[in-house]
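Chemist: So the protein sequences, as listed, match chains Z and U.
Residues are numbered in my numbering as their position in the first sequence, beginning at 1, plus a constant of 29.
Residues are numbered in my numbering as their position in the second sequence, beginning at 1, plus a constant of 29.
C-beta: ideal position from N, C-alpha, C; glycine also.
Number of protein chains: 2
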Amino acid sequence: MKCTRCKKEAEVELKSHNAAFCRDCFLEFFYRQITKGIKQFKMFSKKDRLLVAVSGGKDSMALWDALIELGYNVEGLFINLGIDKFSDAAEEKVKAFASSKGVKLNIVDLKKEGIPIPEVVKKTRKVPCAICGQIKRYYFNKVGLDGGFDVLITGHNLDDETSRLFSNTLHWKIEYLQDQKPLLPSENGLLRKAKPMWRLTEFETAVYAFFRKIDYLEMSCPFSKGATFSQYKRHLNAIEYESPGTKIDFYQSFFKNMLPILEEKREKVVNFCKNCGYPTFGELCTVCRLKML
Amino acid sequence: MKCTRCKKEAEVELKSHNAAFCRDCFLEFFYRQITKGIKQFKMFSKKDRLLVAVSGGKDSMALWDALIELGYNVEGLFINLGIDKFSDAAEEKVKAFASSKGVKLNIVDLKKEGIPIPEVVKKTRKVPCAICGQIKRYYFNKVGLDGGFDVLITGHNLDDETSRLFSNTLHWKIEYLQDQKPLLPSENGLLRKAKPMWRLTEFETAVYAFFRKIDYLEMSCPFSKGATFSQYKRHLNAIEYESPGTKIDFYQSFFKNMLPILEEKREKVVNFCKNCGYPTFGELCTVCRLKML
């Protein structure tokens, strides 16, 4: 198979784009998709100070690498979740990457904060991924605001986004659907949040990490076993295989056709945590409540 | 396995209802689901004159049988599509059923109308299922109104409804989503339309037809090969298998959470066909245009 762009031998085929690429043209393609994703939502510019949340996994590491290559002003943020072996191995990978690139890395240690995930899960008996997500979002926002950053960036890809959209659609959770888009504006004490990789699939991100020889953590979180999102990813991939292009159309037509209708109906949170000022539904935010347990 | 209701030996297991039934209790369950589906939308009462569209397949035949058993005042409507062998075989099954039950059957013959499906498909090169659906809906409405019926009934089951909802959701087709519900009111020259089997799956309908020894047409339409809805049915069944109850929740939470928002946005058709008066977007309706070809 030949590269669609330069006619050299292709190394990767992308059915949903009806294309095949050699290594160099794939990297070009990857950067172009990120740039397109950024421009489509006017996410940020090269003047902005970006903070990218990195877990040590392939998606966030690939994104951090790509943003550096594209010339953005970007620092990393790693949250050590306090999960034995897993979290320390992840921190090592992230630190090694940052020093090899000479970029700044910010670190939050949940053990030092008094709320390591295993302890939180034991005490609250909540679904690990749900409570962990809440805690991470809290620190993403806090570090971003305290550090004077303009945008908080996450490495969510098209598979993450469509599987979440699919899950929220299967049960028509309107309040979640209303927030499902690659750019959330700065409002109510929340920093602007952007997902510049929303046009790229998990497969494409893995290919990028492989071609760029990014040394990421392959281990998956011990708490994430049996997460329902992976089911939905599987089904969406099967549909994509039968009808290439379905995933991106599912996501894009959602913004275009559905989101404007839902946004009219959106009710905004007005409460702020009495302790730390973070927007919340109750008197205290989740993190402040957890710290008091 | 024992019957959940009477503790006799069960003949069928229904995971989404967390139940198993013997033959008699399954029939009770089936009738209860239809009655519940009718009541939930106030579809019709025993005083109304019902016209059920029957294709000769298991779903519409099962529904006709069940409505008779439940004591509704119901006549059948069969549309002979003019598809060699298939249509005549279907007509035979429907006629035999009607005469065995002593109920009235209305028949429309598309050959006599000058628009048999194979000819229409050849002339227009349109997707067969799409154009056939339009023609059928036209005659369902016409026969219903001309005959003074109160409601037109179709045998769509939960799998039909959820696969259609899924398809419209994958591409966020708002104007189709707005019409996706088990009861469409009488408006704009259209007869009230109801789908009383929306709570029952294809599997449950097949079991009913089997238990009731209904002699239906097993052949499938030669034009329906590769229809995308069957793909979506497959995926939804796989999801249902992993999480029983997902299909009915997908459909019910849609009415409850999403439809009220969409209905506010609904734009109603105001044009009527200059020739026959049927609501249409253009000057002439599809059927009148086809007859002129």
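Please state whether DSSP places R221/Z in a helix, a strand or coil.
Modeler: Mapped onto the first sequence, residue 221/Z falls at position 192. Looking at R221/Z - three-state DSSP - the assignment turns out to be strand.
Chemist: Step through the CB atoms of chain U and report whether any lies within less than 8 Å of the CB of N286/Z.
Modeler: If you number the first sequence from 1, residue 286/Z lands on position 257. Yes, its Cβ sits closer than 8 Å to a Cβ of chain U.
Chemist: Determine which residues share a DSSP beta bridge with I182/U and list them.
Modeler: For the purposes of this step, residue 182/U is taken as the residue at position 153 of the second sequence. In DSSP, I182/U forms a bridge with V81/U, A223/U.
Chemist: Using beta-carbon positions only, say whether R221/U and D179/U come within less than 8 Å of one another.
Modeler: To locate residue 221/U, count along the second sequence from 1; it is residue 192. To locate residue 179/U, count along the second sequence from 1; it is residue 150. Yes, the pair counts as a contact, with Cβ atoms nearer than the cut-off.
Chemist: Ignore the nearest five residues each way along the sequence and tell me which others in G274/U's own chain have a CB closer than 6 Å to its CB.
Modeler: Within the second sequence, the letter at position 245 stands for residue 274/U. If we look at G274/U and ignore the five residues flanking it on each side, its Cβ neighbours are S45.
Chemist: Would A267/Z pass as an interface residue toward chain U - the criterion being a Cβ-Cβ separation below 8 Å?
Modeler: Position 238 of the first sequence holds residue 267/Z. A267/Z counts as touching chain U.
Chemist: Can you check whether the C-beta of L199/U is within less than 8 Å of a C-beta belonging to chain Z?
Modeler: Sequence index remark: in the second sequence, residue 199/U carries index 170 (1-based). Answer yes: the Cβ-Cβ gap between L199/U and chain Z drops below 8 Å somewhere.
Chemist: Under 8 Å: do the region 140–158 of chain U and the region 247–263 of chain U share three or more Cβ pairs, one atom per stretch?
Modeler: With the cut-off at 8 Å, the region 140–158 of chain U and the region 247–263 of chain U touch.
Chemist: Using 8 Å as the Cβ pair cut-off and three pairs as the minimum, do the region 102–121 of chain Z and the region 137–151 of chain Z touch?
Modeler: As far as the Cβ criterion goes, the region 102–121 of chain Z touches the region 137–151 of chain Z, which means the pair count is three or higher.
Chemist: Compare the Cα-Cα distances from G306/Z to each of K114/Z, F169/Z, N217/Z and report the closest residue.
Modeler: Taking the first sequence and counting its residues from 1, one reaches residue 306/Z at position 277. Nearest C-alpha to G306/Z: N217/Z.
Chemist: State whether the region 196–204 of chain U contacts the region 91–101 of chain U, with contact taken as three or more CB pairs (one from each stretch) at a distance under 8 Å.
Modeler: These segments do not touch.
Chemist: Would you call the region 82–91 of chain Z and the region 115–128 of chain Z in contact, with 3 or more CB pairs under 8 Å?
Modeler: Short answer: they touch.
Chemist: Contact criterion: CB-CB distance below 8 Å. Does D278/U meet it with respect to chain Z?
Modeler: Taking the second sequence and counting its residues from 1, one reaches residue 278/U at position 249. Yes - at least one Cβ of chain Z is within 8 Å of the one on D278/U.
Chemist: If G85/Z and Y245/Z are in contact, beta carbons under 8 Å, what's the gap, nearest whole angstrom?
Modeler: In the first sequence, counting from the first residue as 1, residue 85/Z sits at position 56. In the first sequence, counting from the first residue as 1, residue 245/Z sits at position 216. The pair is a contact, with the Cβ atoms about 6 Å apart (cut-off 8 Å).
Chemist: Using a C-beta cutoff of 8 Å, does T275/U count as contacting chain Z?
Modeler: Sequence index remark: in the second sequence, residue 275/U carries index 246 (1-based). So, interface residue.
Chemist: Please state the DSSP three-state secondary structure of F258/Z.
Modeler: Your numbering for residue 258/Z matches position 229 in the first sequence. Correct three-state label for F258/Z: helix.
Chemist: In the DSSP assignment, the beta strand (DSSP E) including L134/Z goes from what residue to what residue?
Modeler: Counting from one through the first sequence, the residue named residue 134/Z turns up at place 105. 134–138 is the span of the beta strand (DSSP E), which, as asked, contains L134/Z.
Chemist: So the candidates are L79/Z, K165/Z, C35/Z; which of them puts its Cα closest to the Cα of K133/Z?
Modeler: For the purposes of this step, residue 133/Z is taken as residue 104 along the first sequence, with counting starting at 1. The candidate whose alpha carbon is nearest that of K133/Z is L79/Z.
Chemist: Between H185/U and chain Z, is the shortest Cβ-Cβ distance under 8 Å, so that the two count as touching?
Modeler: Walking along the second sequence from the start, residue 185/U turns up at place 156. No - not a single Cβ of chain Z is within 8 Å of the one on H185/U.
Chemist: For a test of the three-state rule: what should DSSP assign to A91/Z, helix, strand or coil?
Modeler: Here the question's residue 91/Z lines up with position 62 in the first sequence. Helix at A91/Z.
Chemist: If D188/U sits next to T230/U, beta carbons under 8 Å apart, how far is it from one beta carbon to the other, in whole angstroms?
Modeler: Residue 188/U sits at position 159 when you count from the first residue of the second sequence. Residue 230/U sits at position 201 when you count from the first residue of the second sequence. Indeed they touch by this definition, with Cβ atoms about 6 Å apart.
Chemist: Short of 6 Å in beta carbon distance, which residues of its chain neighbour D117/Z, apart from the five on each side in sequence? Order them along the chain.
Modeler: Within the first sequence, the letter at position 88 stands for residue 117/Z. Here the set comprises nothing.
Chemist: Relative to the alpha-carbon of K130/Z, which residue among K276/Z, R241/Z, E269/Z, F284/Z has its alpha-carbon at the smallest distance?
Modeler: Translated into positions along the first sequence, residue 130/Z becomes position 101. When each option's Cα is compared against that of K130/Z, the closest is R241/Z.
Chemist: Give me the subset of the region 194–228 of chain U whose CB atoms are less than 7 Å from a CB atom of chain Z, sorted by chain position.
Modeler: So the list reads T198, L199, H200, W201, I203, given in the order they occur along the chain.
Chemist: Which two residues bound the contiguous alpha helix (DSSP H) that contains I108/Z?
Modeler: Position 79 of the first sequence, counted from the first residue, corresponds to residue 108/Z. Note, I108/Z: premise wrong, no alpha helix (DSSP H); beta strand (DSSP E) at 102–109.
Chemist: Pull the bridge partners of F195/U from the DSSP assignment, please.
Modeler: Taking the second sequence and counting its residues from 1, the one referred to as residue 195/U is at position 166. Per DSSP, none; premise fails for F195/U.
Chemist: Considering only C-alpha positions, which residue in the set G184/U, R263/U, R34/U is nearest to N47/U?
Modeler: Position 18 of the second sequence, counted from the start, is the residue given in the question as residue 47/U. With distances taken between Cα atoms, N47/U lies closest to R34/U.
Chemist: Report the CB separation of F279/Z from L194/Z in whole angstroms; it is logged as a contact under 8 Å.
Modeler: Numbered from its first residue, the first sequence carries residue 279/Z at position 250. Numbered from its first residue, the first sequence carries residue 194/Z at position 165. Right, their Cβ atoms sit about 7 Å apart.
Chemist: Measure from the C-beta of Q260/U to each C-beta in chain Z and report whether the shortest distance is under 8 Å.
Modeler: Taking the second sequence and counting its residues from 1, the one referred to as residue 260/U is at position 231. So, interface residue.
Chemist: Using a Cβ-Cβ cut-off of 8 Å, state whether K294/U counts as contacting chain Z.
Modeler: If you number the second sequence from 1, residue 294/U lands on position 265. With 8 Å as the cut-off, K294/U counts as an interface residue toward chain Z.
Chemist: Where does E247/U sit, in a helix, a strand or coil, going by DSSP?
Modeler: Within the second sequence, residue 247/U is the residue found at index 218, counting from 1. It is coil, neither helix nor strand.
Chemist: Less than 8 Å between the beta carbons of F258/U and S192/U, yes or no?
Modeler: As a first step, residue 258/U is located in the second sequence; it is residue number 229 there, counting from the start. As a first step, residue 192/U is located in the second sequence; it is residue number 163 there, counting from the start. In this structure, S192/U lies closer than 8 Å to F258/U by Cβ.
Chemist: Is there a Cβ from chain Z that is less than 8 Å from the Cβ of F283/U?
Modeler: Start at 1 with the first residue of the second sequence, and residue 283/U comes out as number 254. Yes, its Cβ sits closer than 8 Å to a Cβ of chain Z.
Chemist: Quick check: what's the CA-CA separation for F50/U versus E233/U?
Modeler: Along the second sequence, one-based indexing puts residue 50/U at 21. Along the second sequence, one-based indexing puts residue 233/U at 204. Each residue's alpha carbon lies about 11 Å from the other.
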